[in-house]
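Chains as they are written, first to last, in the working numbering: chain Z, 12 to 324; chain H, 12 to 324.
All C-beta atoms in this analysis are idealised placements derived from N, C-alpha and C, irrespective of residue type, glycine included.
These numbers were taken from a predicted model, which means no experiment stands behind them.
Report on one structure; see the data block that follows.
Pasting the structure below:
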């Protein structure tokens, strides 16, 4: 009943350390040192090599090391097993930090103030109050709902868009394709938190950005993408920034990661680039969550936060 | 029963416009066009020239255009009249925006990420969760209590220090000189929101900064001063930054404003300079507040938010 950790693109040692510390009795293995593959009953995976998970013939449950699972579903040989998404209070808090920080950073015009500081220039810029600014959360799941609440507590007008209608106090809810345009038309700062699915790939394109509010209290619309890089069309974002359709952007995720040095996003004066750091789970939190689910599973209780493979999240 | 607006160092025309719009029947005058001085019954003042207010012999109430009143109390000829402090929901919301933005900015290590972006370098920095970081609000009045609550909702460990003990859910309260050192010793990010009084002048000095927590989850202690410039000793802040006693600072206020171009604070890589923009009241909010109080006063009802001249705030 070994646990195999198969992660690429992040630091899997922290999960290895945390699992060993919390469950010293368990057999924990860190890919590529997998030992006898038939021993593994549980996998903790992030962006595993295609076909790798299929080779563990006694695998029973796959745990995603993040909230998203597109890194698993892209594997055509993915075994037909229950997949558990990571739901971590810490992950939610970290995402809330990122979203609130970047909304405030653009709301308070910090890119311009940073330039003014560099020029040693003392100048007040006009500044709407939070209540005059409309934030729209595209993707009103666990993370989106939490960020929406926090922004609402800061005084912003907050709405969310999701596949199905949500009931969250103080947050206007838009749902489905039919209400997307109305949602965008009332949004000054758009925060993308959608999962990456075939339906959401490339959704942040020229056509969508052109539908954001043009009459807001800020100099122009702002995009914050803390979801997945595959949601965005970077060429469209750059052209929208350059012709004023977009005023500014904070991007934590990119079409290709790490963001290539040749990307014009790095040096764009109206773009904040962060290295996919919006919400990274700590080893102990992931390990505790996984061990709790394994204990339930071995006691015959149901797993929670299972992925609906038809909806891809 | 004219209203005289006597403001220097900000843009008083917005108060003039807003008062005229809201009370077209009133006689509103904008210093230095004061007309017959005996007509003025009410003054809206910000940093008035010393002795000026004493010349309006029929003055009955002085309204401060900001939350602080040190700009009035420094006038040795200040008439012995009721002074009303500005308490404005909008002011509180704006201060909350500033404090939350700058706490998150340092918590999420944005000064370093901005440097990394400039160098086109994709690198993750270690990142404590909000719950591992202790914010201390020095000055737990109306503005401080609101910021404390908002930071607590984001997951930070928040404490406040004030002259007298406060009861705020989820916020640890320290009070008086005797508890100041204990408050500082548990603080990773210090937010100064004290009023400027003889007792608080220069309080943010080398000795105080040296008492901040050295064992925090961030690389070092952070100072955010959104109170008054007179609270801080800039030479001490610079030397603390340079020898590592302080890791970083956001300063909205300065010993001398505008901050002189010669100040090393402008170009310091660990200092964010903003031009005293943390919380600026809009004209309509100030005008509405003042007219409401005048209406109450003329109806024989008591004024609210009166300044205690003995305590200087």
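In the DSSP assignment, find the alpha helix (DSSP H) that holds residue 82 of chain H and state where it starts and stops.
81–84 is the extent of the alpha helix (DSSP H) around residue 82 of chain H.
Can at least three beta-carbon pairs, one atom from the stretch 159–166 of chain Z and one from the stretch 300–318 of chain H, be found at a separation below 8 angstroms?
The answer is no - the stretch 300–318 of chain H does not touch the stretch 159–166 of chain Z, with fewer than three Cβ pairs under 8 angstroms.
Would you tell me roughly how many angstroms separate the C-alpha atoms of residue 59 of chain H and residue 41 of chain H, rounded to the nearest one?
Their backbone Cα atoms lie some 12 angstroms apart in a straight line.
Report the start-end ranges of each beta strand (DSSP E) in the stretch 127–179 of chain Z that is 3 residues or longer and not cut off at the edges.
Counting whole runs of 3 or more residues, the stretch 127–179 of chain Z contains the beta strand (DSSP E) stretches 145–149, 168–173.
Rounded to a whole number of angstroms, what is the C-alpha to C-alpha distance between residue 222 of chain H and residue 215 of chain H?
Between residue 222 of chain H and residue 215 of chain H, the C-alpha separation is close to 11 angstroms.
Can you tell me which of Z:275, Z:144, Z:290 puts its alpha carbon nearest to the alpha carbon of residue 97 of chain Z?
Cα-wise, what sits closest to residue 97 of chain Z is Z:290.
Please confirm if residue 101 of chain H has its CB atom under 8 angstroms from at least one CB of chain Z.
Chain Z, which has a Cβ nearer than 8 angstroms to the Cβ of residue 101 of chain H, makes this yes.
Using 7 angstroms as the cut-off, classify the Cβ of residue 271 of chain Z as near or not near the heavy atoms of the ligand GTP, replying yes or no.
The ligand GTP is absent from the structure shown, which contains no ligands of any kind.
Between H:197, H:319, H:239, which lies nearest to residue 228 of chain H when the distance is taken from Cα to Cα?
Checked all of H:197, H:319, H:239; the closest Cα to residue 228 of chain H is H:197.
For residue 25 of chain H, I'd like the list of residues in its chain whose CB is within less than 7 angstroms of its CB, leaving aside the five on either flank, ordered along the chain.
The residues are 294.
Exposed or buried, which one is residue 51 of chain H when buried takes at least 16 other CB atoms within 10 Å?
The residue is buried, with at least 16 neighbouring Cβ atoms inside 10 Å.
Which residue spans inside the stretch 196–261 of chain Z form an unbroken alpha helix (DSSP H) run of at least 4?
With a minimum length of 4 residues, the continuous alpha helix (DSSP H) runs that stay inside the stretch 196–261 of chain Z are 217–220, 245–253.
Does the Cβ-Cβ distance between residue 251 of chain Z and residue 257 of chain Z come in under 8 angstroms?
Yes.
Do you know whose CA, among Z:255, Z:245, Z:292, lies nearest residue 273 of chain Z's CA?
Considering only alpha carbons, the answer is Z:245.
Which residue wins for smallest C-alpha separation from residue 125 of chain H, given the options Z:297, Z:280, Z:309?
Of Z:297, Z:280, Z:309, the residue nearest in Cα terms is Z:280.
I'd like to know whether the C-beta of residue 288 of chain Z is nearer than 8 angstroms to at least one C-beta of chain H.
Yes - at least one Cβ of chain H is within 8 angstroms of the one on residue 288 of chain Z.
According to the neighbour-count rule (16 or more other Cβ atoms, all chains shown, within 10 Å of its Cβ), is residue 157 of chain H buried or exposed?
When all chains shown are included, residue 157 of chain H counts as buried.
By the three-class DSSP mapping on this structure, what secondary structure does residue 14 of chain H have?
Strand.
For residue 313 of chain H, which option in H:181, H:190, H:104, H:72 has the closest C-alpha, if you only look at C-alpha atoms?
Nearest option by C-alpha distance: H:72.
Answer yes if the stretch 144–157 of chain Z comes into contact with the stretch 106–123 of chain Z, meaning at least three C-beta pairs across the two stretches below 8 angstroms, and no otherwise.
A contact exists between the stretch 106–123 of chain Z and the stretch 144–157 of chain Z.
Could you pull out every residue in the same chain whose Cβ sits closer than 8 angstroms to the Cβ of residue 275 of chain Z, ignoring the five residues on either side in sequence?
Contacts found: 249.
Put residue 293 of chain H into one of helix, strand or coil per three-state DSSP.
Coil at residue 293 of chain H, not helix or strand.
Assuming residue 39 of chain Z is part of the beta strand (DSSP E), what are its boundary residues?
Note, residue 39 of chain Z: beta strand (DSSP E), 39–41.
Taking C-alpha atoms, which residue in H:66, H:317, H:131, H:127 lies nearest to residue 86 of chain H?
Checked all of H:66, H:317, H:131, H:127; the closest Cα to residue 86 of chain H is H:66.
Would you identify the three-state DSSP class for residue 282 of chain H, choosing helix, strand or coil?
If DSSP states are grouped into helix, strand and coil, residue 282 of chain H belongs with the strands.
Touching or not, the stretch 186–205 of chain Z and the stretch 224–240 of chain Z, by the rule of three or more beta carbon pairs under 8 angstroms?
With the cut-off at 8 angstroms, the stretch 186–205 of chain Z and the stretch 224–240 of chain Z touch.
On the DSSP letters alone, give me the boundaries of the beta strand (DSSP E) that residue 67 of chain H sits inside.
That residue, residue 67 of chain H, is in no beta strand (DSSP E); it is neither H nor E in DSSP.
Inspect the beta-carbon positions of residue 153 of chain H and residue 211 of chain H and report whether they are closer than 8 angstroms.
It is not a contact, given that the beta carbons lie outside the stated cut-off.
Tell me whether residue 113 of chain Z sits in a helix, a strand or coil according to DSSP, three-state version.
Of the three classes helix, strand and coil, the one that applies to residue 113 of chain Z here is helix, per DSSP.
By the DSSP assignment, the alpha helix (DSSP H) with residue 24 of chain H in it spans what residues?
24–33 is the extent of the alpha helix (DSSP H) around residue 24 of chain H.
Under 8 angstroms between C-beta atoms, does residue 148 of chain Z make it to chain H?
For residue 148 of chain Z, the answer is no, since every Cβ of chain H falls outside 8 angstroms of its Cβ.
For residue 308 of chain Z, collect the residues of the same chain with a Cβ closer than 8 angstroms to its Cβ; drop the 5 residues on either side in sequence, then sort them by chain order.
71, 72, 314, listed in sequence order.
Where do the ends of the beta strand (DSSP E) carrying residue 287 of chain H lie?
That residue, residue 287 of chain H, is in no beta strand (DSSP E); it is neither H nor E in DSSP.
Indicate whether residue 296 of chain H and residue 44 of chain H have their beta-carbon atoms separated by less than 8 angstroms.
The answer is no: Cβ separation not under 8 angstroms.
With residue 54 of chain Z as the anchor, note down where its beta strand (DSSP E) starts and where it stops.
Counting along the chain, the beta strand (DSSP E) containing residue 54 of chain Z begins and ends at 51–57.
Give a yes or no on whether 8 angstroms exceeds the smallest Cβ distance from residue 145 of chain Z to chain H.
Answer no: the Cβ-Cβ gap between residue 145 of chain Z and chain H never drops below 8 angstroms.
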